[in-house]
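Visitor: Next up is a structure, given as structure tokens.
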Amino acid sequence: MKRKIFALGLLSLAFSANAQSLLGVQDQASLHIKEGTLIYGGGELKTVGSGVVDNFGNVMIVGGGIKTVTTTNTDKTDGGNIILRLWSNATTNGSIVNGGTVIKYGQLYIDGVSQSDVTGIVDKEYKDNAHGAYQQMAIPFYKKTFASLSTELNANLSGKRSNRTGVLVWNNRKIRFDHFDPTVTTNNTTDIKLAGHPVANNGATSYYAIGSRYFNAFTGGSPNTLSTNVFTIKGVPFAGNITASLTGSGVGVDFGIGGKNTNFYGERYNTYVGDHWEHSVISNRWTGNYGKNIYQFGNPYLTNINLKYIGTVIDNLVGVRVDPSTNVKATGSETGGVYVSYVGGVATGDVKQAIVRPMGTFEVKLSAPSTRVLDFSQLRKFAYEANSSNTSTYPGGVTVLSEPASESLFSEMSTNSTTRIANNISNSTVKQLGVIALDADGKELGRTYYVVHANGISGQPTKLTSQVTANSKNVIGTFEESKKGGVDEDLIESYWLYINEANENDFKGKEVPMRIYSSDVKSLAFEILENAEDIADGQERLSSGESFYIFDGKKHVLIGNNKKIAISSTDADFGLYYGKPAELASSRETIATIQKPSATILAYDESIAAHKILFDPEWKKATVQVFDLSGRLIFSQANVDATKGEFVVNLPSAVRGTYIVTAVSETGKKFSQKVIK
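Numbers in the working numbering are just positions in the sequence shown, counted from 1, shifted up by 259.
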């Protein structure tokens, strides 16, 4: 899609231009920028009085500042002048790949200036998935007070840490959330002190968790010009090149056996730290690199940032997780984020969704300590889907003309660096099959990925791979395969997989077991990528001459890119194959009995000196029992209300020993854990 650039000569006389101000909107005038339009300015953007820039499209200001002033040329600080509009509502499934509605918005790109050149107030319309007790977000505004944020969100924020009204800021070095009192007027995004230390990067890249007890990011707010409920967040945008150091995560932090040690605030690490990349390497859980060398950031800009290619410039990058703010589903519920793993610099998994929108957050996982620096300024782009390698990128920034010209700008406008390391998978490409579960209306309910390459590891890994474990909320996923194909029965209860990896040579024609846990799934759609790029629509054969197949319980089906197959509500067990299948009938009976690994855990609460069962969100009722090592039942309670989220297990207080705590849900899902007291 071609972008349209409006030259100043084509604008209304209400907009002025001179040497100091390339784009000026005078008092009582307005500039409406339509969606899909790009306005480029090589100088200052300035509004006067009630002048308004109503932006549904994209504005680039390069080499000039931003000002909002009164008619007497003093700073105007109440906003309402430069507005970044949200212009598509989440009335259907918000998946980019599934063709549903993605929330879109006006974007503002500022470059080539210092922070002192940017004093104008920008209004950002905000809508997102509701994340639960705390809303994950970035706050891309310099020295924005949290008191003003509380008012804008109607959030009634407080200095309390645990009642869902606090403001938490992620500490990458200490692997914890710090907090502060947001009601103190001097506390702002740039000047806050967290547990005695200043905030990193002037607060530009901070990852916040905002207590959502009194607001809902999806349903709350007020109607905008399109009658969509939104919140309006106001502030001075961050400017300049923003970088973040990828060093120091978890230095000196000891999780303890099973993650039972506590942080500065007395919270057990195993109640909030997770590592979906390391989790399938069972021997490494809570040791070594598990939960460490992970960095969580917020997007500091009012433009999208693209993470698809950062694996080509960060050589020890394992993967990224883009938090649920990228897409908004029709229900507004949490989607759990999307995962991208990197194989020799090639992105796998949710490749097309590796976009972090303004106010969005993400996580970076490295394989080892690093001295790398992430340059956010080189990641900015306007498009809503990660661009392919054959679209226009420009070294050092976006190349556009400030004068009218016949040249076109592409919708894939990006500032991604073109300096990349080559795919280091020798004599191979990275091949990926995506399986998308759709309901009767074609809306996405879940997805899973199968990745193969020459250096892939078949079966349980003993080191980091592209594999990412699934959680209990996923409705579709694969299980770890045995070396001969089919399910590895020893690992059924340990984990299941969102991204599964195998070796394209030793696992050719062998089965990766896949299962669906929802009767609402009525069809499966397929995506096939090679080196992170789509193959042609309908194409089945990869560059190796091989293809992907699926076994639907009756026959093997050859898979083509962007093809679909219908399934019945009783179809649950499938097999995925790279290369012509060699059927293993013996695995069919095993996979039909598999239950998803439960998210239920047992944690110790020091505040009450007792253990708690923290239930899987899908559980409604539970039967809880405690046994000693001899097998004697010492406690039992049926019909425990699991929807409350937790249950206190009262172990014998005066007797030290080893106990087995079990819980069984109303659907028969089982949990068991040993406790040494």
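Every residue gets a Cβ at the ideal spot worked out from N, C-alpha and C, and that includes glycine.
#1: Let me know the secondary structure DSSP gives residue 637 once reduced to three states.
#2: Quick one: which unbroken beta strand (DSSP E) runs of 3-plus residues sit fully inside the stretch 367-433? Chain order, please.
#3: In angstroms, rounded to a whole number, what distance separates the CA positions of residue 834 and residue 604?
#4: Considering only their Cβ atoms, is the gap separating residue 704 from residue 734 smaller than 8 Å?
#5: Just mark residue 696 as buried or exposed, buried being the case when its beta carbon has 16 or more other beta carbons within 10 Å.
#6: Tell me whether residue 741 is buried or exposed, calling it buried when 16 or more other Cβ atoms sit within 10 Å of its Cβ.
#7: Mind reading off the beta-carbon distance from residue 750 to residue 739? Whole number of angstroms is fine, and I expect it under 8 Å.
#8: Taking contact to mean at least 3 C-beta pairs separated by less than 8 Å, is the stretch 711-719 in contact with the stretch 754-769?
#9: Start and end of the beta strand (DSSP E) containing residue 736?
#10: Distance, Cα to Cα, residue 424 vs residue 438?
#11: Locate the beta strand (DSSP E) running through residue 470, then write down its first and last residues.
#12: I need the straight-line Cα distance from residue 365 to residue 496, nearest angstrom please.
#13: Can you look up residue 270 in the DSSP assignment and give me helix, strand or coil?
#14: Which one of 572, 903, 867 and 890 has the shortest CA to CA distance from residue 876?
#15: Indicate whether residue 620 and residue 395 have their beta-carbon atoms separated by less than 8 Å.
#16: So the candidates are 800, 819, 428 and 490; which of them puts its Cα closest to the Cα of residue 479?
#17: Would you please state the rounded distance, in angstroms, between the beta carbons of residue 824 and residue 783? I believe it to be under 8 Å.
#18: In angstroms with no decimal places, state the Cα-to-Cα distance between residue 643 and residue 559.
#19: By the DSSP assignment, the beta strand (DSSP E) with residue 286 in it spans what residues?
#20: Excluding five sequence neighbours on each side, which residues of the same chain lie with their C-beta closer than 8 Å to the C-beta of residue 503?
#21: Look at residue 801 and residue 808 and say whether their C-beta atoms are less than 8 Å apart.
#22: Taking the Cβ atom as the reference point for each residue, do residue 305 and residue 335 lie within a distance shorter than 8 Å?
#23: In the structure shown, what three-state DSSP assignment does residue 784 receive?
#24: By DSSP, does residue 918 sit in helix, in strand, or in coil?
#25: Ignore the nearest five residues each way along the sequence and tell me which others in residue 661's own chain have a CB closer than 7 Å to its CB.
#26: Return the Cβ separation of residue 324 and residue 293 in integer angstroms, given the expectation that the two are a contact with Cβ distance under 8 Å.
#27: Among residues of its own chain, excluding the 5 on either side of residue 462, which ones have a beta-carbon nearer than 6 Å to its beta-carbon?
#28: Among 487, 772 and 600, whose alpha-carbon lies nearest the alpha-carbon of residue 567?
#29: Three Cβ pairs or more, each shorter than 8 Å: is that satisfied between the stretch 408-419 and the stretch 469-489?
#30: Kindly indicate the opening and closing residues of the beta strand (DSSP E) around residue 758.
#31: So the candidates are 443, 927, 467 and 435; which of them puts its Cα closest to the Cα of residue 235?
#32: Would residue 286 and residue 341 be called neighbours here (beta carbons separated by less than 8 Å)?
#33: Quick one: what's got a C-beta closer than 8 Å to residue 515's C-beta in the same chain, skipping five residues either side?
#34: Report all residues from its chain with a CB closer than 6 Å to the CB of residue 412; omit the five preceding and five following residues, and keep chain order.
#35: State the start and end residues of the unbroken beta strand (DSSP E) segment that holds residue 296.
Guide: This is what the structure holds:
#1: In this structure, residue 637 counts as helix in the three-state DSSP scheme.
#2: Qualifying beta strand (DSSP E) stretches, in chain order: 381-385, 393-396 and 426-430.
#3: Taking the straight line from one Cα to the other gives about 28 Å.
#4: In this structure, residue 704 lies closer than 8 Å to residue 734 by Cβ.
#5: It counts as buried.
#6: Answer is buried; the Cβ neighbour count reaches 16.
#7: So it is a contact: roughly 5 Å between Cβ atoms.
#8: By the Cβ test, the stretch 711-719 is in contact with the stretch 754-769, since at least three Cβ pairs between them sit closer than 8 Å.
#9: Residue 736 -> beta strand (DSSP E) spans 735-737.
#10: Pairing residue 424 with residue 438, the inter-Cα distance amounts to about 11 Å.
#11: In the DSSP assignment, residue 470 falls within the unbroken beta strand (DSSP E) covering 467-470.
#12: So the alpha carbons of these two residues sit roughly 14 Å apart.
#13: Note that residue 270 scores a pLDDT of 43, beneath 50, so its modelled location is shaky and nothing firm can be said.
#14: The option with the nearest alpha carbon to residue 876 is 903.
#15: In terms of Cβ geometry, residue 620 and residue 395 form a close pair [threshold 8 Å].
#16: Nearest in C-alpha terms to residue 479, of all of 800, 819, 428 and 490, is 490.
#17: Residue 824 to residue 783, Cβ: 5 Å. Contact.
#18: Rounded to the nearest angstrom, the two C-alpha atoms are 17 Å apart.
#19: Segment: none, residue 286 is in no beta strand (DSSP E) and carries neither H nor E.
#20: Residues of the same chain with a CB within less than 8 Å of the CB of residue 503, apart from the 5 flanking positions on each side, are 459, 460, 464, 554, 556, 632, 633 and 635 in chain order.
#21: For the pair residue 801 and residue 808, the CB atoms are not nearer than the 8 Å cut-off.
#22: Going by C-beta atoms, residue 305 is not nearer than 8 Å to residue 335.
#23: In the structure shown, residue 784 sits in a strand (DSSP, three-state: E or B).
#24: Residue 918 sits in a strand when the DSSP states are folded into three classes.
#25: Confidence in residue 661 is poor, its pLDDT being 28 and thus under 50, which makes the residue's placement unreliable; the coordinate value appears in the next sentence. The beta carbon of residue 661 lies closer than 7 Å to those of 299 and 301 in the same chain, with the five residues before and after it left out.
#26: Between residue 293 and residue 324 the Cβ distance is about 25 Å, and since that is not below 8 Å, they are no contact.
#27: Once the five neighbours on either side are set aside, the close Cβ partners of residue 462 are 448 and 449.
#28: Checked all of 487, 772 and 600; the closest Cα to residue 567 is 600.
#29: Because the criterion of three Cβ pairs below 8 Å is met, the stretch 408-419 and the stretch 469-489 touch.
#30: 756-762 is the span of the beta strand (DSSP E), which, as asked, contains residue 758.
#31: Absent from the structure is residue 235, since the part of the chain shown begins at 260 and ends at 936.
#32: Cβ distance not < 8 Å, so residue 286 and residue 341 don't count as in contact.
#33: Answer for residue 515: 528 and 545, listed in chain order.
#34: For residue 412, where only same-chain residues beyond five positions count, the Cβ hits under 6 Å are 474 and 490.
#35: 296-300 is the span of the beta strand (DSSP E), which, as asked, contains residue 296.
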